[in-house]
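*Asks:*
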Amino acid sequence: MAQHVQGVIAPGKNEPVRVETIVIPDPGPGEAVVKIQACGVCHTDLHYKQGGINDEFPFLLGHEAAGVVESVGDGVTDVAPGDFVVLNWRAVCGQCRACLRGRPWYCFDTHNAKQKMTLLDGTELSPALGIGAFAEKTLVAAGQCTKVDPEVSPAVAGLLGCGVMAGIGAAINTGQVGRGDSVAVIGCGGVGDAAIAGARLAGAAKIIAVDIDDRKLETAKKMGATHTVNSRADDPVEAIRALTGGNGADVVIEAVGRPETYKQAFYARDLAGTVVLVGVPTPEMQLELPLLDVFGRGGSLKSSWYGDCLPSRDFPMLIDLHQQGRIDLGAFVTETIGLGDIEQAFGRMHDGDVLRSVVVF
Ligand code: APR
Ligand code: ZN
Ligand code: ZN
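When you read off a place in the sequence shown, starting at 1, and then add 230, the result is the number in my numbering.
#1: Using 8 Å as the threshold, is the C-beta distance between P385 and T566 below it?
#2: What do you reckon, are the CB atoms on T368 and P380 nearer than 8 Å?
#3: Have a look at the DSSP bridge pairing and note the partners of P357.
#4: Check L431 in the structure and name its three-state DSSP category.
#5: Whose C-beta lies closer than 6 Å to the C-beta of F338 among residues of the same chain, with five residues either side of it excluded?
#6: Roughly how many whole angstroms lie between the Cα atoms of F364 and Q574?
#7: Does at least one heavy atom of ligand 2 sit under 7 Å from the Cβ of P334?
#8: Check whether the stretch 260-274 touches the stretch 289-305, taking contact to mean three or more Cβ pairs, one atom from each stretch, closer than 8 Å.
#9: Just to confirm before moving on: does the CB-CB distance between V203 and A495 stay below 8 Å?
#10: Could you tell me the distance, in whole angstroms, from the CA atom of M347 to the CA atom of H277?
#11: Under 7 Å from any heavy atom of ligand 3, does the C-beta of G393 make it?
#12: Does the beta-carbon distance from L540 to W319 come in below 8 Å?
#13: With a CB to CB cut of under 8 Å and the five nearest residues on each side skipped, what residues in its chain are close to D444?
#14: Less than 7 Å between the CB of T274 and some heavy atom of ligand 3, yes or no?
#15: Measure the C-alpha to C-alpha separation of E245 and G528 and round it to an integer number of angstroms.
#16: Considering only the beta carbon of each residue, do G509 and G393 sit closer than 8 Å?
#17: Which partner residues of A240 appear in the DSSP bridge assignment?
#18: Can you give me the start and stop residues for the alpha helix (DSSP H) that K436 sits inside?
#19: Measuring straight from C-alpha to C-alpha, what distance separates L197 and V370?
#20: Tell me which residue opens and which closes the alpha helix (DSSP H) that V467 is part of.
#21: Check whether the Cβ of I426 sits closer than 7 Å to any heavy atom of ligand 1, and report yes or no.
#22: Can you tell me the Cα-Cα spacing of A561 and D581, whole angstroms?
#23: With I398 and A435 assumed to form a contact (beta carbons below 8 Å), what rounded beta-carbon distance in angstroms separates them?
#24: Checking the sheet assignment: what are the DSSP bridge partners for K532?
#25: What is the residue span of the beta strand (DSSP E) that R248 lies within?
#26: Tell me the DSSP bridge mates of L317?
#27: Could you check the C-alpha separation between I549 and I470 for me, to the nearest Å?
#28: For the putative contact between T449 and L585, defined by C-beta atoms under 8 Å, what is the C-beta separation to the nearest angstrom?
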């Protein structure tokens, strides 16, 4: 029997989001219905609303979520009703060329639910990142459910589903930050701060936070930054070099996603160092660099999609480390809000007032 629940949709380009009744089908083969307990508000949700991702309105927003599996369809063996799970948007297929080469974190054919959730009039919804969790319940592919320790608060656990995982993974998976490394992070929002926390977890000796907003630099220190640079006041490339014996950092993580900050990252790294781009650029942005510098400075220029995470490996590990007090995922939750407060939360996110607003049910 299909169920009716309350959820938040983006009805059309730049129209305010609104709460609607959503029809959730029973889970089919390989699918699961999850009762959502918490879901963070992410920039990507705002980009969907603004039409920046695609035109497949209406969207069922929300994708950084944790909850309890309510029911599963045929053939589902990895999760069962009652399991506490974090939802992921990388349910690996096991069969694409990336998976077959043993690199499932690059999976090119990730799974989503096959059936559609709809409005009462039958209009099909496009769930954000194949999840759609600003709703009391949602329908996903069972592989999108990653079991974690149920002792952790859902508001904290859910954040691993997107931005916080992207940042931590940019440092530990993509950047391969190691003990004693020097790391610079440009842009200290939720993603950059998570990269700072990840670098600290990985044993970085020096972690330089760069932002244009002093409030963000203060928070970055709490996450583990050992030094801060306000790049409005000081040239970040010069400042990072000065803090690293004149050399530049071993790993520079670009968590803004703009050509000028990418260039800063490129020149602020040591020879043969690594740049990790985890901030998401927009389609019109162009990058111009002297090719001789790209060659001559060596090292590696990497992108990090979702922190190159493998949910089944990384989510339970990070929850365990959080429970042991070795990384403070709770520090990313600025406020908890209700389902009707998302439009205002977008405003606060835009103004840089919050790391994460989390809808709790
Ligand atoms: N130089 C340094 N920092 C900057 C600059 C700049 N030119 N422009 C913006 N910033 C800082 C902001 O002050 C803010 O602290 O970058 C940070 C961006 O943080 P958020 O807006 O909170 O974004 P976040 O959620 O961290 O995501 C960062 O990753 O997922 C993508 O779409 C997302 O591109 C965005 C990026
Ligand atoms: Zn695959
Ligand atoms: Zn997100």
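Note that the Cβ used here is the ideal one computed from N, Cα and C, for glycine as well.
This one's a predicted model, so the numbers in the text were calculated from it and none came from an experiment.
*Replies:* For this structure:
#1: Here the sequence assigns Ala to residue 385, which means Pro is not the residue at that position. In this structure, T566 lies closer than 8 Å to A385 by Cβ.
#2: no
#3: L290
#4: helix
#5: C326 and A328
#6: 14 Å
#7: yes
#8: Contact between the stretch 260-274 and the stretch 289-305 is present, because at least three Cβ pairs lie under 8 Å.
#9: Past the edges of the chain, shown from 231 to 591, lies residue 203, and the structure says nothing about it.
#10: 21 Å
#11: Yes.
#12: no
#13: N460
#14: Annotation for T274 indicates a beta carbon within 7 Å of some heavy atom of ligand 3.
#15: 46 Å
#16: no
#17: F289.
#18: Taken as a continuous stretch (DSSP letters only), K436 belongs to no alpha helix (DSSP H), being part of the beta strand (DSSP E) at K436 to D441.
#19: In this structure the chain extends from 231 to 591, so residue 197 is not present and cannot be described.
#20: Segment P466 to L473, the alpha helix (DSSP H) holding V467.
#21: no
#22: Between A561 and D581, the C-alpha separation is close to 19 Å.
#23: 18 Å between Cβ atoms; not a contact.
#24: V506
#25: Start and end: R248 to I254.
#26: Beta-bridge annotation (DSSP): L317 is paired with C375.
#27: 32 Å
#28: 7 Å
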